[in-house]
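As given, the protein sequences belong to chains A, B and C, one line each in that order.
Quick note on the working numbering: the first sequence kicks off at 1 and runs consecutively.
Quick note on the working numbering: the second sequence kicks off at 1 and runs consecutively.
Quick note on the working numbering: the third sequence kicks off at 1 and runs consecutively.
Glycine included, each C-beta is placed from N, C-alpha and C at the ideal position.
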Amino acid sequence: MFAADLKSDTLKAMVNIISTLIDEVKFTVKPDGMTLKAVDAAHVAMIEMNINEKAFESYSAEDTELGLDLEKVKGVLKLAGSGEVIRMEQDDSTGKLVFKVGNITRRMSLIDTAGMNDPKVPQLSLAATIEVPIEELQKGIRAVESISDHITLKAGPEFFELSCEGDTDSVSLRLDKSAATIDTSSDVCSMFPPDYLANIIKAIPAGTKVNIELDNDYPVKLVFALAGGAMEVSYLLAPRIESE
Amino acid sequence: MFAADLKSDTLKAMVNIISTLIDEVKFTVKPDGMTLKAVDAAHVAMIEMNINEKAFESYSAEDTELGLDLEKVKGVLKLAGSGEVIRMEQDDSTGKLVFKVGNITRRMSLIDTAGMNDPKVPQLSLAATIEVPIEELQKGIRAVESISDHITLKAGPEFFELSCEGDTDSVSLRLDKSAATIDTSSDVCSMFPPDYLANIIKAIPAGTKVNIELDNDYPVKLVFALAGGAMEVSYLLAPRIESE
Amino acid sequence: MFAADLKSDTLKAMVNIISTLIDEVKFTVKPDGMTLKAVDAAHVAMIEMNINEKAFESYSAEDTELGLDLEKVKGVLKLAGSGEVIRMEQDDSTGKLVFKVGNITRRMSLIDTAGMNDPKVPQLSLAATIEVPIEELQKGIRAVESISDHITLKAGPEFFELSCEGDTDSVSLRLDKSAATIDTSSDVCSMFPPDYLANIIKAIPAGTKVNIELDNDYPVKLVFALAGGAMEVSYLLAPRIESE
Numbered sequence: 001m002f003a004a005d006l007k008s009d010t011l012k013a014m015v016n017i018i019s020t021l022i023d024e025v026k027f028t029v030k031p032d033g034m035t036l037k038a039v040d041a042a043h044v045a046m047i048e049m050n051i052n053e054k055a056f057e058s059y060s061a062e063d064t065e066l067g068l069d070l071e072k073v074k075g076v077l078k079l080a081g082s083g084e085v086i087r088m089e090q091d092d093s094t095g096k097l098v099f100k101v102g103n104i105t106r107r108m109s110l111i112d113t114a115g116m117n118d119p120k121v122p123q124l125s126l127a128a129t130i131e132v133p134i135e136e137l138q139k140g141i142r143a144v145e146s147i148s149d150h151i152t153l154k155a156g157p158e159f160f161e162l163s164c165e166g167d168t169d170s171v172s173l174r175l176d177k178s179a180a181t182i183d184t185s186s187d188v189c190s191m192f193p194p195d196y197l198a199n200i201i202k203a204i205p206a207g208t209k210v211n212i213e214l215d216n217d218y219p220v221k222l223v224f225a226l227a228g229g230a231m232e233v234s235y236l237l238a239p240r241i242e243s244e
Numbered sequence: 001m002f003a004a005d006l007k008s009d010t011l012k013a014m015v016n017i018i019s020t021l022i023d024e025v026k027f028t029v030k031p032d033g034m035t036l037k038a039v040d041a042a043h044v045a046m047i048e049m050n051i052n053e054k055a056f057e058s059y060s061a062e063d064t065e066l067g068l069d070l071e072k073v074k075g076v077l078k079l080a081g082s083g084e085v086i087r088m089e090q091d092d093s094t095g096k097l098v099f100k101v102g103n104i105t106r107r108m109s110l111i112d113t114a115g116m117n118d119p120k121v122p123q124l125s126l127a128a129t130i131e132v133p134i135e136e137l138q139k140g141i142r143a144v145e146s147i148s149d150h151i152t153l154k155a156g157p158e159f160f161e162l163s164c165e166g167d168t169d170s171v172s173l174r175l176d177k178s179a180a181t182i183d184t185s186s187d188v189c190s191m192f193p194p195d196y197l198a199n200i201i202k203a204i205p206a207g208t209k210v211n212i213e214l215d216n217d218y219p220v221k222l223v224f225a226l227a228g229g230a231m232e233v234s235y236l237l238a239p240r241i242e243s244e
Numbered sequence: 001m002f003a004a005d006l007k008s009d010t011l012k013a014m015v016n017i018i019s020t021l022i023d024e025v026k027f028t029v030k031p032d033g034m035t036l037k038a039v040d041a042a043h044v045a046m047i048e049m050n051i052n053e054k055a056f057e058s059y060s061a062e063d064t065e066l067g068l069d070l071e072k073v074k075g076v077l078k079l080a081g082s083g084e085v086i087r088m089e090q091d092d093s094t095g096k097l098v099f100k101v102g103n104i105t106r107r108m109s110l111i112d113t114a115g116m117n118d119p120k121v122p123q124l125s126l127a128a129t130i131e132v133p134i135e136e137l138q139k140g141i142r143a144v145e146s147i148s149d150h151i152t153l154k155a156g157p158e159f160f161e162l163s164c165e166g167d168t169d170s171v172s173l174r175l176d177k178s179a180a181t182i183d184t185s186s187d188v189c190s191m192f193p194p195d196y197l198a199n200i201i202k203a204i205p206a207g208t209k210v211n212i213e214l215d216n217d218y219p220v221k222l223v224f225a226l227a228g229g230a231m232e233v234s235y236l237l238a239p240r241i242e243s244e
């Protein structure tokens with residue numbers, strides 16, 4: 001049994017963020033909320049999402065799994081205006097998920113979740129933590145797109161920097177403590193593939209504060225909350241380590 | 001002789017609606033207004049348009065025919081802002097139609113209407129009549145586009161439904177008497193090709209009320225008025241009848 | 001030594017106008033401003049630009065040359081909002097030009113200006129001078145795009161006309177003395193290639209008054225000021241002379 005009402009903006013943020021990695025996903029549904037763990041086909045990045053029932057306008061569920069094709073859900077989102085509530089309800093007789101938006105009813109077949117195992121999320125303890133408004137990161141990503149080489153993330157006790165170095169040109173976004181909350185005792189630096197970082201940063205909604213956890217030649221972890229704190233997202237991206 | 005002033009929005013609605021079926025058209029011009037009858041190349045749909053002289057800001061004409069290439073008229077519409085008045089005047093010496101928009105003069109050669117015969121419009125008496133705001137139909141069309149199979153229109157004494165059934169998924173717009181004026185004593189149902197229905201519904205301007213006349217495995221007729229009632233449009237679409 | 005602050009809108013107008021002709025350009029920098037002379041690869045059109053130091057928010061320079069790839073500068077412009085100030089500063093150690101927009105720093109390698117000679121700008125004395133708001137010319141250009149043959153510019157003591165004649169259709173923008181300031185004692189007329197004229201007219205920002213200097217089968221000269229008069233632009237376009 002699963003029935004819930006959700007603001008279209010919340011569902012849209014969820015779908016946009018997950019679909020930077022993968023289109024067919026399994027949600028693990030419990031009486032007090034839903035969780036998702038997903039990894040992309042190349043095993044470069046991983047998302048963990050915990051959605052408390054408070055993220056929903058109404059929520060009522062037993063333990064179950066929902067296998068969703070996110071491209072189809074994007075089709076439903078096109079039918080809902082900003083702020084509109086989308087009803088989702090599993091039809092017990094057919095097993096299909098039924099979306100209702102205003103006078104429209106969309107019956108969607110689910111994906112078989114039998115072969116879909118949750119990836120194991122590594123526990124990392126990273127040296128630096130930086131909190132930044134997503135708008136700053138989005139400016140930085142737009143800036144490095146003109147060069148489109150690997151992106152370097154650096155932090156020290158007094159700064160955070162997102163930069164990209166080409167053969168002749170370079171570009172960087174540098175934030176001091178007036179624009180970011182920075183917590184590290186030493187300098188740290190890792191390099192990342194540009195597309196993954198660009199896609200996740202563009203998918204995070206305006207107004208979000210993102211916690212960046214960083215270390216030397218280690219994965220970066222982006223942690224942020226949506227839906228007024230009721231949805232927690234953790235995104236882990238493997239570093240690109242230069243061979244010498 | 002033909003000379004008229006017309007709001008760009010009215011000309012735009014006319015052109016958008018007719019060009020869902022055909023690009024080269026003949027208008028029959030009379031002293032009190034213009035009429036058009038047009039059928040698409042595949043003979044699946046038909047438009048009848050009656051434009052009273054009151055639809056124009058000014059109108060002065062003798063009996064004549066105007067053969068127009070609607071793609072060229074769309075070019076003229078790009079030069080006019082919303083609410084701007086477009087002057088149309090036939091040049092008696094060259095026979096060309098002269099459009100004036102602000103300081104711009106566009107002289108357009110007409111199409112020879114000699115071989116263009118008006119199609120015969122069938123007289124139909126259909127069991128159900130439903131009046132719906134075009135916005136509801138446009139939402140329904142956006143919803144069924146994710147499935148893009150034949151569209152079913154259904155009505156009963158208490159409901160009107162636009163729906164589409166795929167192999168595994170389905171979608172429907174269902175309106176009760178609070179959202180539509182429904183007049184039928186029995187249930188009726190016909191199926192239609194999706195592109196035709198989508199194109200005409202998208203071409204009808206916001207704020208229009210559309211009268212849908214429907215029966216069992218029969219053509220559907222969409223009747224609506226534009227230009228404050230001075231322009232009447234009737235659109236007839238053949239059903240898709242499933243062979244068994 | 002070169003360091004200057006410039007409003008993004010001013011830099012954008014400069015780049016848009018010059019890049020209708022050429023992408024790699026040389027600016028001649030002096031203590032009181034910058035100049036540019038550029039011709040397109042086909043030698044059909046020429047731009048001369050004089051930028052007084054008053055066009056900048058701040059300006060400090062010694063005699064030097066800056067070789068810029070305008071496509072890269074367009075990338076910088078995407079990072080700045082309207083009204084935002086862009087800092088440009090040459091790094092004396094590397095020779096690179098450093099752009100700063102908010103927290104973003106973009107280091108750009110310059111183009112070698114050794115082989116880039118300034119074209120010789122011909123001195124012309126043309127019979128007619130017409131001053132027109134750029135918006136009128138932009139409407140005229142949109143209108144002639146449906147025909148896309150050579151564009152004819154004509155002027156007489158009482159009118160200015162931009163027109164285009166196709167095989168069967170024609171279009172014209174005609175301005176009288178209420179819409180343009182016209183100064184000519186005789187009728188003049190020249191024909192021009194449509195793309196060049198369309199591109200420069202579209203690149204000139206709204207609100208600009210353009211001085212058109214015209215004669216019979218002679219180049220046309222468009223002269224206009226930007227940045228409150230601190231930047232003067234002169235654009236010269238060769239005529240298309242019909243062989244008989």
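Original post:
Residue ranges of each beta strand (DSSP E) run of no fewer than 3 residues wholly in the segment 78-139 of chain C, ordered along the chain?
Top reply: Qualifying beta strand (DSSP E) stretches, in chain order: 85-90, 97-101, 104-108, 128-133.
Subject >> Sequence-distant residues of its chain with Cβ nearer than 6 Å to D217(C) (five each side left out) >> reply: Only S190, P239, I241 meet the Cβ criterion.
Original post:
Is T181(A) helix, strand or coil by DSSP?
Top reply: In the displayed model, T181(A) falls within a strand according to three-state DSSP.
Original post:
Should N117(B) be flagged as near chain C, meaning a C-beta pair shorter than 8 Å?
Top reply: By this cut-off, N117(B) is not an interface position.
Original post:
So which of F224(A), A4(A), E24(A), V220(A) has the shortest CA-CA distance to Q123(A)?
Top reply: Closest option to Q123(A), judged by alpha-carbon separation, among F224(A), A4(A), E24(A), V220(A): V220(A).
Subject >> I61(B) - partner residues in DSSP beta bridges >> reply: The residue asked about is misnamed: residue 61(B) is Ala in this sequence, not Ile. Answer is F2(B).
Original post:
Can the beta-carbon of V188(A) be found closer than 8 Å to that of V144(A)?
Top reply: The answer is no: Cβ separation not under 8 Å.
**OP:** Could you list which residues in chain C have their beta carbon closer than 9 Å to that of A179(A), in chain order?
**Re:** For A179(A), the residues of chain C that pass the 9 Å Cβ criterion are N103, in the order they occur in the chain.
**OP:** Answer with yes or no whether the minimum CB distance from R106(C) to chain A is below 8 Å.
**Re:** At a cut-off of 8 Å between beta carbons, R106(C) contacts chain A.
Original post:
Is the beta carbon of A203(A) less than 8 Å from the beta carbon of N50(A)?
Top reply: No.
Subject >> CB contact check: G75(C) to chain A, cutoff 8 Å >> reply: Yes, G75(C) counts as interfacial toward chain A.
Original post:
Can you pull the DSSP bridge partners for M49(A)?
Top reply: DSSP lists L36(A), V233(A) as partners of M49(A).
Original post:
Rounded C-beta distance between E158(A) and D176(A)? I'm assuming under 8 Å.
Top reply: About 6 Å; that satisfies the 8 Å criterion.
Original post:
Looking only at DSSP bridge pairs, what is S170(C) linked to?
Top reply: Among the bridge pairs identified by DSSP, S170(C) is matched with R107(B), E165(C).
Original post:
Candidates S185(B), I200(B), M14(B): which alpha carbon is nearest A127(B)'s?
Top reply: Across the set S185(B), I200(B), M14(B), the C-alpha of S185(B) shows the shortest separation from the C-alpha of A127(B).
Original post:
Is S146(A) helix, strand or coil by DSSP?
Top reply: In the displayed model, S146(A) falls within coil according to three-state DSSP, outside both helix and strand.
Original post:
Nearest chain B C-beta to K202(C) closer than 8 Å, yes or no?
Top reply: Chain B, which has no Cβ nearer than 8 Å to the Cβ of K202(C), makes this no.
Original post:
S109(A) touches chain B at which residues, Cβ-Cβ below 8 Å?
Top reply: Here the neighbours are T168, D169.
Original post:
Going along chain B in order, which residues have a C-beta closer than 8 Å to the C-beta of L79(A)?
Top reply: For L79(A), the chain B residues whose C-beta falls within less than 8 Å of its own C-beta are K139, R142, A143, listed in chain order.
Original post:
When the cut-off is 8 Å and only beta carbons count, does S146(B) lie next to chain A?
Top reply: Taking Cβ atoms only, chain A reaches closer than 8 Å to S146(B), which makes this a yes.
Original post:
Since E24(B) contacts D69(B) with CB under 8 Å, what's their CB separation in whole angstroms?
Top reply: By a beta-carbon distance limit of 8 Å, E24(B) contacts D69(B). Their separation comes to about 6 Å.
Subject >> L21(B) in three-state terms, based on DSSP >> reply: L21(B) falls in the coil class under three-state DSSP.
Original post:
Given that a residue counts as buried once 16 or more other Cβ atoms are within 10 Å of its Cβ, and exposed if not, what is S8(B)?
Top reply: S8(B) comes out buried.
**OP:** State buried or exposed for S146(A), treating a residue as buried only when at least 16 other CB atoms are found within 10 Å of its CB.
**Re:** Within a 10 Å sphere around the beta-carbon of S146(A) sit 16 or more other beta-carbons, which makes this residue buried.
Original post:
Based on the DSSP secondary-structure assignment, which residues constitute the bridge partners of K154(C)?
Top reply: DSSP, once it has assigned bridges, lists E161(C), C189(C) as partnering K154(C).
Original post:
Going by DSSP, which residues form a beta bridge with V15(B)?
Top reply: Secondary-structure assignment with DSSP links V15(B) through no beta bridge to anything.
Subject >> Collapsed DSSP secondary structure at D215(C) in the structure displayed >> reply: Reduced to three states, the DSSP call for D215(C) is coil.
Original post:
Once you ignore the five residues that flank I134(A) on each side, which residues in its own chain have a CB closer than 8 Å to its CB?
Top reply: If we look at I134(A) and ignore the five residues flanking it on each side, its Cβ neighbours are I201, I204, P205, A206, G207, T208, K209, V210, F224.
Subject >> Cα-Cα separation between H43(B) and P119(B), rounded to whole angstroms >> reply: Whole-angstrom Cα-Cα distance: 10 Å.
**OP:** Pick helix, strand or coil for A225(C), following the three-state DSSP scheme.
**Re:** A225(C) falls in the strand class under three-state DSSP.
**OP:** Express the C-alpha separation of M116(B) and P193(B) in angstroms, rounding to a whole number.
**Re:** Spanning the alpha carbons of P193(B) and M116(B) requires a straight line of approximately 26 Å.
Original post:
Would you say A198(A) touches the ligand FAD, meaning its beta carbon is less than 7 Å from a heavy atom?
Top reply: Judged by which ligands are present, the structure shown has none, so any question about the ligand FAD falls away.
Original post:
Taking any Cβ of chain A, which residues in the segment 54-75 of chain C have a Cβ under 8 Å from it, in chain order?
Top reply: Cβ contacts with chain A come from K72, G75.
Original post:
Of all Cβ atoms in chain B, is any one closer than 8 Å to the Cβ of E136(C)?
Top reply: Between E136(C) and chain B, the shortest Cβ-Cβ separation is below 8 Å.
Subject >> Limits of the alpha helix (DSSP H) - the one that D195(A) falls within >> reply: Where D195(A) is concerned, the enclosing alpha helix (DSSP H) stretches over 194-203.
Subject >> DSSP three-state assignment for V44(A), whether helix, strand or coil >> reply: Per DSSP, reduced to three states, the secondary structure at V44(A) is coil, with no helix or strand assignment.
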